[in-house]
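These notes are about the structure you will find just below.
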Amino acid sequence: DAGITQSPRHKVTETGTPVTLRCHQTENHRYMYWYRQDPGHGLRLIHYSYGVKDTDKGEVSDGYSVSRSKTEDFLLTLESATSSQTSVYFCAISGQERYEQYFGPGTRLTVT
Amino acid sequence: QKEVEQNSGPLSVPEGAIASLNCTYSDRGSQSFFWYRQYSGKSPELIMSIYSNGDKEDGRFTAQLNKASQYVSLLIRDSQPSDSATYLCAVNPPGTYKYIFGTGTRLKVLA
Chain X
94 DAGITQSPRH
104 KVTETGTPVT
114 LRCHQTENHR
124 YMYWYRQDPG
134 HGLRLIHYSY
144 GVKDTDKGEV
154 SDGYSVSRSK
164 TEDFLLTLES
174 ATSSQTSVYF
184 CAISGQERYE
194 QYFGPGTRLT
204 VT
Chain U
4 QKEVEQNSGP
14 LSVPEGAIAS
24 LNCTYSDRGS
34 QSFFWYRQYS
44 GKSPELIMSI
54 YSNGDKEDGR
64 FTAQLNKASQ
74 YVSLLIRDSQ
84 PSDSATYLCA
94 VNPPGTYKYI
104 FGTGTRLKVL
114 A
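The listed protein sequences derive, respectively, from chains X and U. Just so you know, we're using my numbering here: the first sequence kicks off at 94 and counts up by one. Just so you know, we're using my numbering here: the second sequence kicks off at 4 and counts up by one.
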């Protein structure tokens, strides 16, 4: 299995609070991605990174920010969580060639 | 039109049969295609990647790609109850390192 961990694995938070999810990889892969998965919508890209300090928006980036200060860590922040951000969040990584993506175990976030 | 389309299913097949899962995509310039399996409550797991027209076999799995018709399919031979899962198709549009995912097809293999 690709060396990808996500923390926390489960989180319940209140509307309006900030939340940070962490993705950590041990594969030294260049590309990292954050997705959310919701029933009926499948996997949707939030943000992605193509190198340290290099990030870009995906299709559902509103309300989310990211940071990547080290190759191995990619952080996703919800500045002020809303109930619509209740979802399962997956991190993925891919290498330089072929762009095959490998997924972390996911974080289940509930915003009450 | 969605960029990557899959029939949501469920697709039910008897144990030992061939399961055929289909995916169509809209960006004709796409070059890389992937199939993921996702068990309920788990993360997606890459099972096949295909980059050239034709068939690619790996064990009981065969991926088929037809760029002219813009579809990619996954065949699972000798289906087992353990193959029951949602299968996600992903396409890598040209000039990007992003994927576009379909919403997945739920497969049920009946014992």
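Positions of the beta carbon are idealized from the N, C-alpha and C atoms, including for glycine.
Just reading off the beta strand (DSSP E) that Asn-121/X is part of, what are its end residues? Here Asn-121/X belongs to no beta strand (DSSP E), and DSSP marks it neither H nor E.
Inter-residue Cα distance where the pair is Arg-201/X and Arg-115/X: 12 Å
Determine, using beta-carbon pairs with one atom in the region 37-44 of chain U and one in the region 141-153 of chain X, whether at least three such pairs fall under 8 Å. no
Test: Asn-95/U CB closer than 8 Å to a CB of chain X: yes
Give the DSSP-derived three-state secondary structure of Gln-130/X in the structure shown. strand
Could you tell me which of Gln-99/X, His-122/X and Val-105/X sits nearest to Thr-175/X, measuring between CA atoms? Val-105/X
Grab the span of the beta strand (DSSP E) containing Lys-111/U for me, first residue to last. 108-113
Tell me the rounded alpha-carbon separation between Lys-163/X and Asp-81/U. 45 Å
C-beta atoms of Asp-166/X and His-117/X nearer than 8 Å: yes
Lys-101/U at chain X interface by Cβ criterion, 8 Å: yes
Should Ser-180/X and Arg-129/X be called a contact, given that it needs their Cβ atoms to be closer than 8 Å? yes
So, is Tyr-28/U buried or exposed, given that buried needs 16 or more other C-beta atoms within 10 angstroms? buried
DSSP state of Pro-17/U mapped onto helix, strand, coil: strand
So is Asn-95/U buried or exposed if we call it buried at 16+ other beta carbons inside 10 Å? buried
Quick one: using the 10 Å Cβ neighbour count with 16 as the cut-off for buried, is Lys-45/U buried or exposed? exposed
Contacts around Asp-131/X, its chain only, beta-carbon distance under 7 Å, and the 5 residues preceding and following it disregarded: Ser-180
Along the beta strand (DSSP E) that carries Glu-48/U, what are the first and last residues, could you check? 48-53
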